[in-house]
Amino acid sequence: MLEKTITSPRGTVHYWIARHRDPQAICLVFTHGLTANHRMFDHQVAYFRKHYTVISWDLPLHGASRPYADFSFQHAAADLDAIFIQENIPAAVLIGQSLGGYACQQYALDFPDKVLAFIGVGTSPFGRSYYSRSDRFWVRQVEWLSRCYRHDKLVTAIAKGATHTKRGFDNMVAMLKPYDKAELCQIMGIAYASFLRENQDTAFAFPVLLTLGEYDRFGKVSQYNWAWAAKTGYPLKVIPVAGHNANVDNPVVFNAVVEDFLDRLR
């Protein structure tokens, strides 16, 4: 993977690309979740680069893409589009885990003609009807509640809450390592505030696949996914022996599910 950057007045965003030798190969873009980084998709990059051009990136405010000023999902979508332009990618399949799924949905709203398909990984839907007043209230409390934990306890709680296997836990702890407690809490507060502010109703014309870890107990993600699938008719595939970070907990099954979906796009 070749590391590259794009820069805006808000900051520098880092991404990694592996081009397939076939210039007509479909491009897959992997977007990680909250407080993680591009290493969340190592198993997918290694597997899919054989047949696709693959891009993974550190979301603004995360990993190498910090410091970053004025985070929003609309700005993240603009940054992703700058990557597309720089790499001459006309359209791609977007694969987003948790918060990364919000960034993908925002990109699809802003640049619908550049999205071939969307795959959600333990993410939640854009759409006001899915979230109760109580849901919105508790999302607003995440930052200050997180400040009540010691740093090491906070890291452990986040990693345990997001994973089901030791592989997943170790990967999440490694991704959390660069952040101190203040930054972790701030990132969570900014990201969730952005979601509450930018969330809007959507209707996508391209194919969508939802995936959910069998043991995903992260907030109400499971409930949101079943409601999302019921309302839209999007297929929902449950990944066994996996938690919120299902692609890391069980990459073999996850990759097979994604591969089957991608084969149907050809």
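Quick note on numbering: the UniProt record's numbering labels position 121 of the sequence shown as 121, and the sequence is numbered without any gaps.
Using N, Cα and C, we set each Cβ at its ideal position, and we do this for glycine too.
Bear in mind the structure is a predicted one, so any value in this text is a computation, not a measurement.
Between residue i and residue j, which are expected to be in contact by the criterion C-beta below 8 Å, what is the C-beta distance as a whole number of angstroms?
i	j	result
R10	Y68	6 Å
A92	C27	4 Å
S194	S72	5 Å
N247	F41	7 Å
L34	A191	6 Å
Put residue i into one of helix, strand or coil per three-state DSSP.
i	result
T156	helix
V258	helix
V253	helix
S8	strand
A246	helix
K220	coil
K50	coil
A117	strand
G122	coil
F30	strand
T35	coil
Count the other CB atoms, across all protein chains shown, that sit within 10 Å of the CB of residue i; report buried if there are 16 or more and exposed otherwise.
i	result
Q24	exposed
S132	exposed
P90	exposed
Q223	exposed
A103	buried
T7	exposed
So, for residue i: in the same chain, excluding its five sequence neighbours on each side, which residues have a beta-carbon less than 8 Å away from its beta-carbon?
i	result
D110	Q74, A77, A78, D81
Measure the alpha-carbon distance for residue i versus residue j and round it to whole angstroms.
i	j	result
F48	V54	7 Å
V142	R128	19 Å
Y130	A227	8 Å
Y215	V241	7 Å
N225	R140	21 Å
F169	A162	8 Å
Excluding the five sequence neighbours on either side, which residues of its own chain have a C-beta within less than 7 Å of the C-beta of residue i, listed in chain order?
i	result
A157	Y149
E3	H14, W16
V173	V155, A159
Looking only at its chain, what residues have a beta carbon closer than 6 Å to the beta carbon of residue i, apart from the 5 residues adjacent to it on each side?
i	result
D58	H14, N37, H38, A64, S65
V252	none
V208	F118, Y234
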